[in-house]
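Peer 1: Residue numbers (my numbering), protein chains in the order written: chain A, 2 to 147; chain B, 2 to 147.
Quick one: this structure, given as structure tokens, is what I'll be asking you about.
Set out below in structure tokens:
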């Protein structure tokens, strides 16, 4: 098992504001993909769609200002059954987000891509909060040739 | 042991051009840090400096257009002894770079940060080649509060 890890710090924001960007359809549309629909509450399922596919996430845990946990229940085979952890804490006025996408069976080339791409979207989330606008799909920064 | 993985594809470039950006001081200064000095050849050591510290890399392998391997011989304790792999291949006119920073003892918070930060610098490398200018330190995109 290999994991994708990331960390971003959001200036002059509380963890509750990052939490909202992770747990409301409006928030998710602002940094990951404009085509997000579904139920963001505990037990709910969220459908994220991109020009070339998408993912369905089941919300396993959701603790305001602290953490969110998703399980991938639909999408590309490598993602099915993996889990996406969002852990939040305050660091002297910065909201710090620790990210983990765990449960990859093998470190395939697609996993390398997804690691870079998650960083792109986490920087989009930071920009959404700090600057008022992110770069969600289909306007996302490209790192691939697919 | 846990690894940091990334993938970027550089449009309309050969792997030899990415290789040059990884194996010349001018190239390295164009995307990672403006303060890079040393011997980039096999067996050489390269000193990378940033406003808040730096790293020394020993070049273990260097195969033109194919791969580069560094071992970290100086810098922050978590990095000492870890290895940075740069593997290149062509994919229909795109130069694809597979990156691995392997040998982390534990998935500490600093490792989460470094994963995101490597993505930032790999996108800087892609921009250097595709657009003619990267964002090396100290002009790098910030993801931390340190």
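Just so you know, even glycine gets a beta-carbon here, dropped at the ideal spot from N, CA and C.
Whose Cβ in chain A lies nearer than 8 Å to the Cβ of residue 102 of chain B?
Peer 2: Those within 8 Å of residue 102 of chain B in chain A number zero; the least Cβ separation is about 11 Å.
Peer 1: Check the Cβ of residue 139 of chain B against every Cβ in chain A and list those closer than 7 Å, keeping chain order.
Peer 2: Ordered by position in chain A, no residue passes the 7 Å Cβ test against residue 139 of chain B, which lies about 18 Å from the chain.
Peer 1: Which stretch, first to last residue, makes up the beta strand (DSSP E) that contains residue 5 of chain A?
Peer 2: Counting along the chain, the beta strand (DSSP E) containing residue 5 of chain A begins and ends at 3 to 11.
Peer 1: Only counting runs of 3 or more residues, tell me where the beta strand (DSSP E) segments fall wholly within the region 15 to 58 of chain B, in order along the chain.
Peer 2: List check, beta strand (DSSP E) in window: 36 to 39, 46 to 51.
Peer 1: Can you grab the Cα-Cα spacing for the pair residue 104 of chain B / residue 45 of chain B, in whole Å?
Peer 2: Approximately 21 Å between the Cα atoms of the pair.
Peer 1: Run through chain A and tell me which residues come within less than 8 Å of residue 127 of chain B, C-beta to C-beta.
Peer 2: By Cβ distance, chain A contributes 144.
Peer 1: Check whether chain B comes within 8 Å of residue 32 of chain A, counting only Cβ atoms and requiring the distance to be less than that.
Peer 2: No, no contact with chain B.
Peer 1: Got a sec: is the Cβ-Cβ distance from residue 71 of chain A to anything in chain B below 8 Å?
Peer 2: Not one chain B Cβ lies under 8 Å of residue 71 of chain A.
Peer 1: Alpha carbon to alpha carbon, how far is residue 83 of chain A from residue 21 of chain B?
Peer 2: Going from the Cα of residue 83 of chain A to the Cα of residue 21 of chain B covers about 37 Å.
Peer 1: For residue 36 of chain A, I'd like the list of residues in its chain whose CB is within less than 6 Å of its CB, leaving aside the five on either flank, ordered along the chain.
Peer 2: The answer, listed in chain order, is 50.
Peer 1: Shorter than 8 Å from the beta carbon of residue 130 of chain B to some beta carbon of chain A?
Peer 2: No, its Cβ sits nowhere closer than 8 Å to a Cβ of chain A.
Peer 1: Taking a contact to mean a Cβ-Cβ separation below 8 Å, would you say residue 54 of chain B touches residue 76 of chain B in this structure?
Peer 2: Yes, Cβ-Cβ distance for residue 54 of chain B and residue 76 of chain B is below 8 Å.
Peer 1: CA-CA distance, residue 29 of chain A and residue 90 of chain B?
Peer 2: Going from the Cα of residue 29 of chain A to the Cα of residue 90 of chain B covers about 35 Å.
Peer 1: Please work out which residues of its chain come closer than 6 Å, Cβ to Cβ, to residue 99 of chain A, disregarding the five sequence neighbours upstream and downstream, and give them in chain order.
Peer 2: Taken in chain order, the residues that qualify are 8, 88.
Peer 1: Answer yes or no: does any C-beta atom of chain A fall closer than 8 Å to that of residue 117 of chain B?
Peer 2: Answer yes: the Cβ-Cβ gap between residue 117 of chain B and chain A drops below 8 Å somewhere.
Peer 1: Which value, in whole angstroms, describes the spacing of the CA atoms of residue 130 of chain A and residue 144 of chain B?
Peer 2: Going by the C-alpha atoms only, they are around 13 Å apart.
Peer 1: Buried or exposed: residue 34 of chain B, going by 16 or more other Cβ atoms within 10 Å of its Cβ?
Peer 2: So residue 34 of chain B ends up on the buried side.
Peer 1: Using a threshold of 8 Å, state whether the C-beta atoms of residue 73 of chain B and residue 62 of chain B are closer than that.
Peer 2: No. Outside cutoff.
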